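Worksheet: one structure, shown below.
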């Protein structure tokens with residue numbers, strides 16, 4: 010079977026990216042939305058890795074970037090979860106549609 | 316050269332009176348105001364007489380020609396090179412003559428008012444206004460600059476406005492003064508534009524220069540003025556006609572006369588001063604002042620003649636039907652001014668042709684005397700009877716002997732019965748007319764007959780006819796202060812005619828022999844006497860002939876009685892057209908359209924902001940969606956559309 | 175190594191303060207108001223210190239870059255934070271988690287410092303996140319309020335989303351150019367459709383932080399829900415910092431694509447001004463109102479940025495300095511009123527002048543400055559933005575901007591009208607203002623008046639730019 | 389003579405007002421400040437004439453230049469020519485009168501006077517500034533005080549009026565802003581300095597764009613038809629002093645700007661658009677006059693007549709002849725004084741009768757002779773009676789306009805002349821109904837003017853009469869300036 014090339018990977022990342030998008034737009038559950046964002050970030054990671062491997066093998070920027078992205082994602086998730094919990098306390102639900110008082 | 320200060324003082328003293336009384340009169344000398352004003356005017360009258368003497372017999376004449384002297388002038392407001400308003404003094408026969416007339420009549424009125432206006436709350440104000448008027452009128456007659464004349468012209472207008480509206484709490488008086496001011500103002504618009512036209516071509520506003528430039532056919536200015544034409548009429552004619560409109564307005568010529576009868580709402584002495592002797596002849600004076608220029612344009616002169624004649628006749632006819640004695644006098648004034656106007660209109664420049672000019676000025680002079688006299692007499696009557704209406708009067712000759720005599724003299728004078736003043740002046744006018752234009756002559760003849768008729772109708776119905784039933788207390792003829800002017804003016808009315816007027820005032824300054832043909836003057840005199848007898852037959856004894864006549868020619872009588880419905884016409888024009896067709900739409904447009912646009916923009920903004928609020932839906936997912944769409948949209952725009 | 179301490183002094187200082195706070199917190203609890211004074215004092219030191227030993231230079235192989243202008247920008251931010259710490263004293267004293275709040279705020283500030291002086295996308299991304307995530311926590315600080323948590327949720331989610339976009343863009347640009355350093359990039363950029371897409375991605379991320387239409391939608395909700403301190407931090411400090419770095423990247427990194435981003439700038443700034451104004455027109459809540467007005471203000475900042483010149487840079491920095499004063503003053507007044515009476519509606523301000531002349535005048539000054547009316551500084555700020563924007567002689571653009579000033583004036587005057595003109599029997603009672611707050615308000619008022627008149631301030635900035 | 393005094397004096401006064409305690413002190417401080425300005429203005433007049441007499445023919449006298457925002461090469465550049473002097477005098481007169489008239493303001497006295505003085509500060513600054521930037525700065529300074537004056541102390545639908553005024557004026561200044569930026573970038577040496585700009589020739593296409601922007605922008609301030617709609621509402625709902633300042637001073641800012649900036653910098657643009665200006669202004673003259681005839685409210689009457697009279701100003705400017713331009717400037721001064729006087733009197737009447745409706749008044753001459761007499765004089769001045777300022781300026785404009793020979797200008801001129809009749813109509817109607825006629829019931833025991841009101845009226849009257857009786861001093865002041873402006877235009881002609 011053929012060795013997967015850059016385009017395969019880019020395709021996967023693009024797919025992930027838009028799946029994430031779709032998830033973010035459609036899911037009601039805040040945690041799920043958070044997870045879809047993680048998907049987006051992961052698509053980005055794949056991008057970086059792929060570019061790094063195929064296009065600029067001698068520049069490690071992509072790799073480092075990925076590491077940092079993962080770390081940041083974790084931090085972001087932590088804070089986000091905390092906020093969601095707080096929201097659950099106040100609203101008694103983590104349905105995004107329950108939290109629409111601020112508008113117009 | 317005459318003494319400048321002494322001349323300048325003639326108008327300035329009344330001005331002093333005005334300022335003094337106007338500012339402090341009410342507080343400090345409400346009683347003594349009359350005497351202050353009268354005294355000041357006495358002085359300036361003396362000065363005027365002195366100036367006149369000096370001018371006519373000493374300095375005025377240079378080898379047989381009366382000069383136009385400008386002893387003094389200074390630039391008051393310069394518009395551009397050469398075109399500037401100068402304040403100056405100009406002495407020539409007519410201005411000097413006017414000085415005399417104005418000061419004398421004004422003095423008479425001042426004296427008369429001492430008694431007539433006694434006890435008025437605003438006594439001081441009254442004299443202040445009189446002072447203002449006298450000042451403006453004197454300033455007008457000695458103007459050396461056409462714009463200076465316009466300035467005083469306006470001032471005269473406003474002071475007449477003030478004096479007509481003296482009884483400001485009488486609605487009729489308020490209406491009258493507004494009417495007077497606005498109508499004359501409208502005419503002044505013509506005057507103003509006329510000035511603009513003339514000055515534009517003459518490149519000057521100074522009378523002497525202007526006349527000189529526009530009368531010498533060689534000069535470029537004249538060529539330009541005659542060369543340029545608008546709808547087939549030369550600019551010169553336009554200018555003159557426009558100026559004449561101004562004059563017609565002040566002199567209550569047809570069709571701008573409507574303010575004059577109403578102006579009788581003012582105190583009677585004021586009517587005597589302003590609306591009989593002085594201000595209303597300003598128009599005549601204006602034309603006379605510019606006469607050399609007028610004589611360069613036949614059409615302009617035709618206009619003057621036509622307007623003059625028609626006004627004379629028209630006013631005479633109306634006067635026959637009026638019952639308010641002051642209105643009768645007002646219309647007769649209008650008629651007499653008509654005489655002066657057409658006299659100028661038919662006159663030529665210089666020598667024998669100039670007879671009309673001289674005659675007109677002469678008539679102006681005599682008319683001032685007897686018309687003032689008539690008004691003051693009427694004033695005495697009104698003072699006595701507390702009414703203006705003929706029907707309240709009758710048989711007053713035994714109650715008011717002096718008034719009666721002087722009034723009679725005045726009537727005779729105005730009817731042109733020799734040897735009274737009116738006879739001579741009117742005679743000359745008719746003579747000029749006869750030589751120049753027969754049609755005018757016949758109309759004038761008829762008019763003078765009518766004049767005699769309505770004057771004596773007035774006379775008889777006041778002093779003869781049925782016995783007026785007198786009620787309330789009656790305090791004599793108003794004492795010395797009122798009688799003195801009557802007597803003096805009566806003397807004037809008798810003697811003024813014997814002045815060899817042509818020697819002093821003539822179109823070209825050279826002396827003009829007034830030659831007297833008794834055979835010519837038969838017709839006018841007869842006509843006059845006829846009119847008098849008719850009046851006597853109708854009105855001397857109380858009877859019902861007049862009523863019958865009026866009834867017999869009802870329609871015509873009504874038309875005339877309603878002054879040919881001129882007022883109604885004007886009301887129609889102002890109310891219906893100006894207000895409803897222009898004013899109201901303008902106001903509406905402003906309120907709704909101009910304003911509306913402004914408010915509309917505001918409201919639409921509000922509306923839009925209301926409409927688009929939905930995008931701020933509060934759904935975080937939608938926000939993200941818009942986010943993405945924004946990216947895609949912008950990217951698409953810049954990749955495909957806006958490279 | 176001395177180098178590090180001078181170049182990174184602002185960052186180090188802030189870090190130090192954070193740690194001090196941490197120790198104070200861990201150690202025996204000091205009661206709030208004493209702690210607050212300590213913090214204010216530290217921040218003051220920080221601010222003062224910021225003006226000394228400024229050097230230009232870069233560290234870590236160009237990852238961190240600083241110069242006098244950048245230091246000045248950091249000082250502006252420092253000033254803002256100091257003012258915030260004073261303006262909302264009442265609230266800080268009440269809340270039992272005050273030190274945490276400051277730790278969050280300061281770490282966000284640290285993030286911004288790093289962001290401003292970041293020399294490549296990695297540091298930029300990191301610092302951006304560092305500048306964002308704590309703020310989300312700050313927004314949620316009114317723990318008992320429903321809207322507070324909702325706002326926080328919206329903020330964290332949408333900012334995560336936008337950082338996702340940003341990262342995607344960065345990854346692609348890395349793919350295209352093979353570098354993430356600001357200095358190497360310009361040489362490698364060329365305008366291809368892919369590049370345009372990438373640029374739009376990055377642009378959108380910036381736009382999100384700056385709340386440029388159409389990426390602004392989170393702004394109003396978050397501002398409204400957040401406590402005043404957080405709101406003002408968001409609207410002034412974080413906006414300012416992002417504006418700085420945005421400008422820097424545009425001018426430095428994306429210089430080759432000038433034609434593209436000028437048009438984009440113009441388009442979006444017009445949209446931003448209009449939309450911001452239209453929404454601000456109909457707001458009742460003062461926070462929301464200020465949120466939208468600040469969006470409109472960003473539109474004006476873009477006008478200045480679009481000039482792509484040093485004068486533009488100076489104008490933007492100058493404007494943000496002024497904007498800090500005016501906006502913080504407005505928020506301060508609103509907060510002072512809200513803390514005591516809980517009233518946040520514009521209609522509640524009716525007749526405020528009868529009871530609180532001082533607050534009214536400060537508010538009026540602030541609003542006039544925001545509206546750009548002389549002699550307040552806002553006038554100069556706006557005028558210079560527009561002037562530098564006009565250098566391209568793009569009359570259409572400038573006219574639109576100028577006309578938008580009218581609309582904005584309309585709604586600013588709405589508040590002024592409520593305060594000064596409308597009669598109201600149950601007007602807000604006399605507000606007793608915390609002395610430090612009062613002092614801060616006076617400071618803001620002074621800034622609003624004098625920063626404009628004293629032209630040397632602008633000249634100084636110009637000399638830096 | 390240091391011109392900065394003109395700015396410092398109001399500034400100091402304003403600050404002093406803020407510092408002093410009670411209302412009476414505020415009033416006296418304000419009055420002191422205003423009269424100091426007054427004296428200063430008079431002194432300035434004499435200093436100016438002296439300088440000219442000494443043969444100093446440079447366009448601007450007493451020039452001063454301080455660096456301000458050198459980065460944009462803006463400088464605080466001030467100086468005056470005859471026109472500015474005339475406007476400064478006008479301002480001084482109106483300010484004193486305004487301060488006096490509003491003597492018995494009880495509500496928020498301090499703020500009221502503070503704003504008044506601030507307004508005067510803006511006006512002075514505007515009239516002396518020779519740099520577009522500071523010109524604009526002062527122009528906008530003058531806006532907000534008006535807004536607050538109307539909104540806080542006004543009457544009727546004040547908030548609507550205040551908003552309208554502020555927004556329209558800001559709109560105007562927005563246009564001005566764009567126009568002046570256009571000028572700024574038009575030349576290689578980026579400069580806002582009027583003197584510099586007037587030296588160098590601005591490209592024609594730039595003029596084509598910038599002239600309308602600037603002229604209309606300033607025109608909004610000067611009530612140029614159809615942008616006059618803020619005038620009636622603004623004037624009628626403003627407090628007395630407010631309307632006096634509005635009509636007396638701030639409308640003049642507009643026309644002055646049109647002359648000083650638009651026309652004198654961009655003669656070609658002026659030529660380009662002269663006919664449009666003439667058409668608009670002659671419409672405004674007649675239309676404003678006719679609209680006035682329909683008004684029942686005294687303040688509206690005066691407001692609309694202001695539209696008509698300001699139309700005359702623009703006509704004079706649009707004619708582009710020296711005489712007409714001089715006339716326009718004189719009209720600015722005269723209308724400023726006259727309308728201020730009018731509003732002052734209306735305010736006095738309103739304060740007593742509590743109505744501005746003419747048909748609810750009558751015979752007031754009986755109970756308050758002084759006030760009505762002044763009303764009368766103001767009216768006469770407005771309808772152009774000789775001996776009062778109105779006549780002089782109007783006539784100058786007419787004569788100047790008549791210097792054009794073609795039919796178009798002639799018709800415009802005649803239309804303008806007609807306005808004097810219509811003016812007479814509405815003025816007399818108003819006065820006839822208020823002052824004359826039988827006294828309406830309930831007004832029997834109204835008081836006549838108090839000392840401050842008398843003083844205010846007299847101050848303005850002095851101005852009016854001084855111009856009306858001796859216009860030559862004013863023309864001699866203005867002519868050299870207009871001469872210079874016309875030179876540029878005639879070169880292009």
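Protein chains in written order, with the numbering used here: chain V, 10 to 113; chain E, 316 to 958; chain Z, 175 to 639; chain L, 389 to 881.
For each residue, glycine too, the CB sits at the ideal point set by N, CA and C.
Since the structure is predicted, the reported quantities are computational estimates derived from the model, not experimental observations.
Distance between residue 752 (chain L) and residue 798 (chain E), taken at the CA atoms: about 36 Å. Close to chain Z, meaning a Cβ-Cβ distance shorter than 7 Å, are the following residues of the segment 77 to 96 of chain V: 77, 78, 81, 84, 85, 88, 89, 92, 93, 95 and 96.
Put simply, the segment 545 to 561 of chain Z does not touch the segment 501 to 517 of chain Z. Fewer than three CB pairs are less than 8 Å apart. The DSSP-derived three-state label of residue 222 (chain Z) is helix. Identification of residues in the segment 322 to 335 of chain Z having a C-beta nearer than 9 Å to some C-beta of chain V yields 322, 323, 324, 325, 326, 327, 328, 329, 330, 331, 333, 334 and 335, given in sequence order.
Under the three-state reduction of DSSP output, residue 385 (chain E) falls in the strand class.
Annotation: the continuous alpha helix (DSSP H) that includes residue 697 (chain L) extends over 686 to 707. For the segment 737 to 767 of chain L, no residue has a beta-carbon sitting nearer than 9 Å to a beta-carbon of chain Z. Among the bridge pairs identified by DSSP, residue 233 (chain Z) is matched with Z:238.
For residue 518 (chain L), no alpha helix (DSSP H) encloses it, and the DSSP letter there is neither H nor E. Here DSSP, grouped into helix, strand and coil, assigns residue 669 (chain L) to helix. Under the DSSP definition of a beta bridge, residue 318 (chain E) lacks any partner. Going by DSSP, residue 451 (chain L) is part of no alpha helix (DSSP H) but of the beta strand (DSSP E) stretching over 449 to 455.
Close partners of residue 314 (chain Z) in chain V (Cβ separation under 7 Å): 92 and 95.
Shown here, residue 834 (chain E) sits in coil according to DSSP, grouped into three states, outside any helix or strand. Residues of the segment 551 to 568 of chain L with a Cβ closer than 7 Å to any Cβ of chain Z, in chain order: 551, 554, 555, 558, 559, 562, 565 and 566. For residue 425 (chain E), the enclosing alpha helix (DSSP H) has its first and last residue at 408 to 431.
Look at residue 521 (chain Z): its C-beta is not under 8 Å from any C-beta on chain V.
Neighbours of residue 456 (chain Z) in chain E, taken as residues whose beta carbon is under 9 Å from its own, are 921, 924, 925 and 928 in chain order. Ranked by how close their Cα comes to the Cα of residue 519 (chain E), the residues E:392, E:634, E:867 and E:812 have E:392 in first place. Straight-line spacing of the CA atoms in residue 820 (chain L) and residue 687 (chain L) works out to 16 Å. According to the DSSP assignment, residue 493 (chain L) belongs to no beta strand (DSSP E), since it is labelled neither H nor E. The Cβ atoms of residue 431 (chain E) and residue 584 (chain E) sit closer than 8 Å to each other. The shortest C-alpha to C-alpha distance from residue 464 (chain E) to any of E:429, E:522, E:703 and E:935 is the one to E:522. Restricting attention to L:559, L:529, L:476 and L:762, the CA atom closest to the CA of residue 850 (chain L) is found in L:762.
Between residue 509 (chain L) and residue 402 (chain L) the beta-carbon gap is near 7 Å, inside 8 Å, which marks them as a contact.
According to the DSSP assignment, residue 466 (chain L) belongs to the beta strand (DSSP E) that extends over 463 to 468.
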